[in-house]
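Going by the UniProt record's numbering, 21 is the number at position 21 of the sequence shown; the sequence numbering is gapless.
Heads up, the beta-carbon is just placed ideally off N, CA and C, and yes, glycines get one too.
Worksheet: one structure, shown below.
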Amino acid sequence: MEFSEEWKSFFPIGIGASTVSPLLQSQSLPVGPLLFTPNPHSLTPLFSSPSLFPSLPLHLPPHLLPSRFVLSSHPSSILPSTASSVASHSHHDPATHFLRNRLHLLHYPHCPKVVVLFPTGPNDDKIGFFMLGVKDSRFHIQLDTKGDVFMASTGSVHRILRISVNPVADFGLGLTSDPCPLIGYLLASTLYSVHWFAVKHNSVLERPSVFYLGGKAFKTCPVVHTSWSPHILEESLVLLENGDLFLFDLESQGFKGTRLRVPWNDSENKVWLSCEFSWHPRILIVARSEAVFLVDLRLRECSVSCFMKIETLRMYVPGENEEFLALSRAGPDNFYFTVASTSLLLLCDVRKPLVPVLQWMHGIEGPCYMTVLSLSMLRSHSKEDTFKLASESGFCIILGSFWNCEFNIFCYGSVLPFRKASLASKLSKISTGICAWELPFEINLTGHECRCGSCLLREEFSKDALPEWIDWQLKKEIVLGFGILSNDLAASLCEPDENGGFTLIRLMSSGKFELQRYCASWALARNLEDCHEQELCLDRQLLYPMSDEKYRFPKFFHYLRLDYLHAYASGNLTLFLVRKLKKTHIDAQDKELFCAEVHELLCEKLNACGFGQSRSCPAVTSVFKDVKLPASLHEVALRRLWADLPLELLQLAFMSSSEFGEVVGDRGRNRVALEFLAVPDLPQLPPFFLRNTSQHGNDDIVGPVIPFPVLLVLNGFRNGYSDLEGEFSIEAELDLKYKEVMRVADEIAVPAYGPTHLHDHAVSLADDGDETWADSSKPKSFLLYRPVAFNCSATDLVQGNSVYSDTIFDSFIVRVPEKKSNEQTESVGQEIFDDLSPVQLRFDVPVKKLEPQGLKAYNLLKRQMSKWQENFDSYKEFCIQSRFEK
Numbered sequence: 001m002e003f004s005e006e007w008k009s010f011f012p013i014g015i016g017a018s019t020v021s022p023l024l025q026s027q028s029l030p031v032g033p034l035l036f037t038p039n040p041h042s043l044t045p046l047f048s049s050p051s052l053f054p055s056l057p058l059h060l061p062p063h064l065l066p067s068r069f070v071l072s073s074h075p076s077s078i079l080p081s082t083a084s085s086v087a088s089h090s091h092h093d094p095a096t097h098f099l100r101n102r103l104h105l106l107h108y109p110h111c112p113k114v115v116v117l118f119p120t121g122p123n124d125d126k127i128g129f130f131m132l133g134v135k136d137s138r139f140h141i142q143l144d145t146k147g148d149v150f151m152a153s154t155g156s157v158h159r160i161l162r163i164s165v166n167p168v169a170d171f172g173l174g175l176t177s178d179p180c181p182l183i184g185y186l187l188a189s190t191l192y193s194v195h196w197f198a199v200k201h202n203s204v205l206e207r208p209s210v211f212y213l214g215g216k217a218f219k220t221c222p223v224v225h226t227s228w229s230p231h232i233l234e235e236s237l238v239l240l241e242n243g244d245l246f247l248f249d250l251e252s253q254g255f256k257g258t259r260l261r262v263p264w265n266d267s268e269n270k271v272w273l274s275c276e277f278s279w280h281p282r283i284l285i286v287a288r289s290e291a292v293f294l295v296d297l298r299l300r301e302c303s304v305s306c307f308m309k310i311e312t313l314r315m316y317v318p319g320e321n322e323e324f325l326a327l328s329r330a331g332p333d334n335f336y337f338t339v340a341s342t343s344l345l346l347l348c349d350v351r352k353p354l355v356p357v358l359q360w361m362h363g364i365e366g367p368c369y370m371t372v373l374s375l376s377m378l379r380s381h382s383k384e385d386t387f388k389l390a391s392e393s394g395f396c397i398i399l400g401s402f403w404n405c406e407f408n409i410f411c412y413g414s415v416l417p418f419r420k421a422s423l424a425s426k427l428s429k430i431s432t433g434i435c436a437w438e439l440p441f442e443i444n445l446t447g448h449e450c451r452c453g454s455c456l457l458r459e460e461f462s463k464d465a466l467p468e469w470i471d472w473q474l475k476k477e478i479v480l481g482f483g484i485l486s487n488d489l490a491a492s493l494c495e496p497d498e499n500g501g502f503t504l505i506r507l508m509s510s511g512k513f514e515l516q517r518y519c520a521s522w523a524l525a526r527n528l529e530d531c532h533e534q535e536l537c538l539d540r541q542l543l544y545p546m547s548d549e550k551y552r553f554p555k556f557f558h559y560l561r562l563d564y565l566h567a568y569a570s571g572n573l574t575l576f577l578v579r580k581l582k583k584t585h586i587d588a589q590d591k592e593l594f595c596a597e598v599h600e601l602l603c604e605k606l607n608a609c610g611f612g613q614s615r616s617c618p619a620v621t622s623v624f625k626d627v628k629l630p631a632s633l634h635e636v637a638l639r640r641l642w643a644d645l646p647l648e649l650l651q652l653a654f655m656s657s658s659e660f661g662e663v664v665g666d667r668g669r670n671r672v673a674l675e676f677l678a679v680p681d682l683p684q685l686p687p688f689f690l691r692n693t694s695q696h697g698n699d700d701i702v703g704p705v706i707p708f709p710v711l712l713v714l715n716g717f718r719n720g721y722s723d724l725e726g727e728f729s730i731e732a733e734l735d736l737k738y739k740e741v742m743r744v745a746d747e748i749a750v751p752a753y754g755p756t757h758l759h760d761h762a763v764s765l766a767d768d769g770d771e772t773w774a775d776s777s778k779p780k781s782f783l784l785y786r787p788v789a790f791n792c793s794a795t796d797l798v799q800g801n802s803v804y805s806d807t808i809f810d811s812f813i814v815r816v817p818e819k820k821s822n823e824q825t826e827s828v829g830q831e832i833f834d835d836l837s838p839v840q841l842r843f844d845v846p847v848k849k850l851e852p853q854g855l856k857a858y859n860l861l862k863r864q865m866s867k868w869q870e871n872f873d874s875y876k877e878f879c880i881q882s883r884f885e886k
């Protein structure tokens, strides 16, 4: 089937494409090798310094970013939703600082020298540079007198986010009397400002110099993108986050910029991306996330036309998250440009709106870097000129992501085949037909990593082994910037390649500059012998905040004595405490042990919990009254032991915060404030669970300040155990209380899993004697259940098939809400939540009544909860067994 040129362009090219594009020329097109493989033997370290480490700002782990805690409410929504838009504007994400190329080159015209420029400094607030040339048939790097890079300041301490250069065609080296001829211009932008520099060659010192020309600050809106004009050397364009455009001319009087009155429509809440000059000095291309615009400033009234829409890509990328990400000028002339979206790469012509010339499916995650080069730049210095015509007329698009370490090359050129001295080769120079040359292919910018399957698999396993909140890019050496040396500079040192190649200079995250030669080949070498056996170790952080300042604060070390903890973990706590008690003698007559006011307040709180001075022992009923949330029987047994402790020992465990506000620290010279949990005013059984930390008030009762096992041993000594070493056991006391709690729970609770299968800790009710724990005539108000994860047989435990073997925690008890009457009364308090779950839900909030808006939200929540409960078979079975009715 024959298609028009316009229809052919809508078929995407790429490995992931479902159909073969008519504009893809492969195998039959004699354009030469288009794969580029790094030569590991050509790797040349240039310069390395800790000062070249990128300044990564302090940031929170991804799962703790501020956007996780910001909520926004839509007018039509009852319940709040997470504000995902905040995440895209969060500057805490380290990836946002490594989206752009950090290294740029300014080549000397007609001279084998280059100026390497990059951000540096404590906060990436300076321009670092050095000169690279050839001396004695070897690469020579020129640094300052201290052996470090040269630096130029912007006059501020703000981080430089992007830089770009604009070279001059000829600075007249040796042809002018100017001692500092101009090499090019440099533009550096921060978040809210733009700065211009002139790069010149100092003929006296024989080195480059960077001169600050001026800057412009934008106080209310961030800078999104900047670009140099290819037509007028001194002009540059600045795009702000709100869509405002500014045109600056370095030759204008007073160095002032002009705000361009562009009539944007519906520009609010839009994400602006990039701006470029088109084929005319007053025709601009501006891109935002959903559209690309052509801005014509030639007439008095500015005109804006939509050149490309994201909707035109829906045929092959139906996803809702598709958006434009990057924009760049392209060849063969200034009529062409490229734009990359989430899934596609487009080559466009400004003379054909809404119709791309070519489309590729790039398969790169988050591509934010893109540049277009002549194929002759990548296939230079070759032994044969068989494919010279193809190299001179072909182009390469390098698209990728520095943060994700992915880069692909997309080649395109004329549709006609190339044969030397043929009529077709002459016609190709005037032909407007463009097609893709071969499929896109990956280029390894690091140059010294083996890309075989085994090494790639080992790398992925190393990434998965890192904690969730650590980005693997922070633990691996990655490329932060790169540039390709000019043909004359590269040819002055290396021997000609069979099919040509290029020399790359790159900046690594470890602070190293490296040179490496890439050779054009017919097959991509994925196994580098010199790198195949190297182990991949993501064990040291290469990107981290750097600071020139030394730590100025004194360092103190505080040591904790953990002898009590060690004795408890070893099972020797009783023996340890007995020896301590024998050595310690306290004269109660000489020192007041208890504070009367604290004693009185503590008694009031215990009385509210049902444990006054005149309480009867045992108080198991009071223990179960405090069970409102699901609790294991082991936890209830612990509360039972707390309830048995006398007030004298509780006085030791709970005291006023003023009694121990500070303790002496290291060598008695420093005092350290202690922090304990405050005892709440609401009635709660000791040890007062679900509490807030103390506010260091003098009237706060905090505790426990003594561990519970220590209190149990002291209580045994108080109860008359003369020889604790042989008679008293903490485990035996806990086992005794557990049996007691289990007997009571079996009478006052309904088992949700059928007949109760008591394990070794439980005893039969026949052993209970005459003691009555509950009134059998009353309905049981508790539910006794075992989670599904704990339902395993004794055989499984013996054979080790269960992941959990300690059975004292597998039985839970919870209070069942009382059934309500059938009277239709509107509940507006916290009891309204009793219909949602067998668990009584209570909230510690000042507002006890629900307003109409709250009732509306509750009804929505109840419908969603009921729908989930109806579709969850395990929950329905649980409700039937526990006799809970919704």
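Check, Outcome
"Ala340 - partner residues in DSSP beta bridges", "Ala326, Leu345"
"Beta-carbon gap between Asn499 and Ala520 smaller than 8 Å", "yes"
"Euclidean distance between Cα positions of Trp437 and Val168", "32 Å"
"Between the CA atoms of Met508 and Phe53 - distance to the nearest angstrom", "9 Å"
"Whole-number beta carbon distance between Asn334 and Ser374, since they are thought to touch under 8 Å", "Actually they are not in contact, since the Cβ atoms of Ser374 and Asn334 sit about 14 Å apart, beyond 8 Å."
"Minimum length 3: unbroken beta strand (DSSP E) runs contained in the UniProt domain \"TAF1C beta-propeller\" (226-310)", "235-240, 245-249, 257-260, 272-277, 283-288, 291-296, 303-309"
"Contact belief for Ile183 with Val204 at Cβ below 8 Å, rounded distance in angstroms", "That belief does not hold up - the Cβ atoms of Ile183 and Val204 are roughly 15 Å apart, past 8 Å."
"Helix, strand or coil at Leu507 according to DSSP, with G and I counted as helix", "strand"
"Met655 burial status per 10 Å Cβ neighbour count (16 or more: buried)", "buried"
"Limits of the unbroken beta strand (DSSP E) element including residue 889", "This structure cannot speak to residue 889, because the chain is shown only from 1 to 886."
"Under the three-state DSSP convention, the category Phe624 falls into", "helix"
"Where Cys519 sits in the DSSP three-state scheme", "strand"
"For Glu120, the three-state DSSP class (helix, strand or coil)", "As written in the sequence, residue 120 is Thr, which differs from the Glu given in the question. It is a strand residue."
"Nearest-angstrom Cα separation, counted from Leu860 out to Pro75", "Residue confidence for Pro75 is low, a pLDDT of 38 falling below 50, so the modelled location carries little weight; the figure read from the coordinates is stated next. Approximately 16 Å, taken between the alpha carbons."
"First and last residue of the uninterrupted alpha helix (DSSP H) at Lys737", "730-748"
"Residue range of the unbroken beta strand (DSSP E) whose run includes Pro167", "162-167"
"Euclidean distance between Cα positions of Glu514 and His201", "24 Å"
"Identity of the residues DSSP links to Gln142 by a beta bridge", "Met131"
"For Leu375, three-class secondary structure by DSSP", "helix"
"As assigned by DSSP and simplified to three states, the class of Phe708", "helix"
"DSSP-derived helix/strand/coil call for Ile23", "Residue 23 is actually Leu in this sequence, not Ile. In the structure shown, Leu23 sits in coil (DSSP, three-state: anything other than H, G, I, E or B)."
"Buried versus exposed, by CB contacts within 10 Å (16 or more), Ser866", "exposed"
"Of the listed residues Arg261, Thr190, Lys219, nearest to Thr226 (C-alpha basis)", "Thr190"
"Gly500, enclosing beta strand (DSSP E) - first and last residue", "First-last for Gly500: undefined, no H or E at that position."
"Close Cβ partners of Glu870 (< 7 Å) along its chain, the five nearest in sequence each way excluded", "none"
"Helix, strand or coil at Ile364 according to DSSP, with G and I counted as helix", "coil"
"CB of Asp488 within 8 Å of CB of Pro109, strictly", "no"
"Ile443 - DSSP class collapsed to helix/strand/coil", "coil"
"Unbroken beta strand (DSSP E) run spanning Trp868, endpoints", "Not the beta strand (DSSP E): Trp868 falls in the alpha helix (DSSP H), residues 852-870."
"Through-space distance from Leu389 to Val415, alpha-carbon basis", "13 Å"
"Nonlocal neighbours in the same chain, by C-beta distance under 6 Å from Cys435, ignoring five residues either side", "Leu23, Gln25, Val415"
"Assigned secondary structure, Ser874 (DSSP; H/G/I helix, E/B strand, else coil)", "helix"
"Asn572 classed as buried or exposed, judged by whether at least 16 other C-beta atoms fall within 10 angstroms", "exposed"
"Through-space distance from Val339 to Asp125, alpha-carbon basis", "30 Å"
"Exposed unless 16 or more other CB atoms sit within 10 angstroms - verdict on Lys628", "exposed"
"Neighbourhood of Pro709 by C-beta, 8 Å cutoff - its chain only, sequence neighbours within 5 removed", "Tyr568, Leu573, Ile730"
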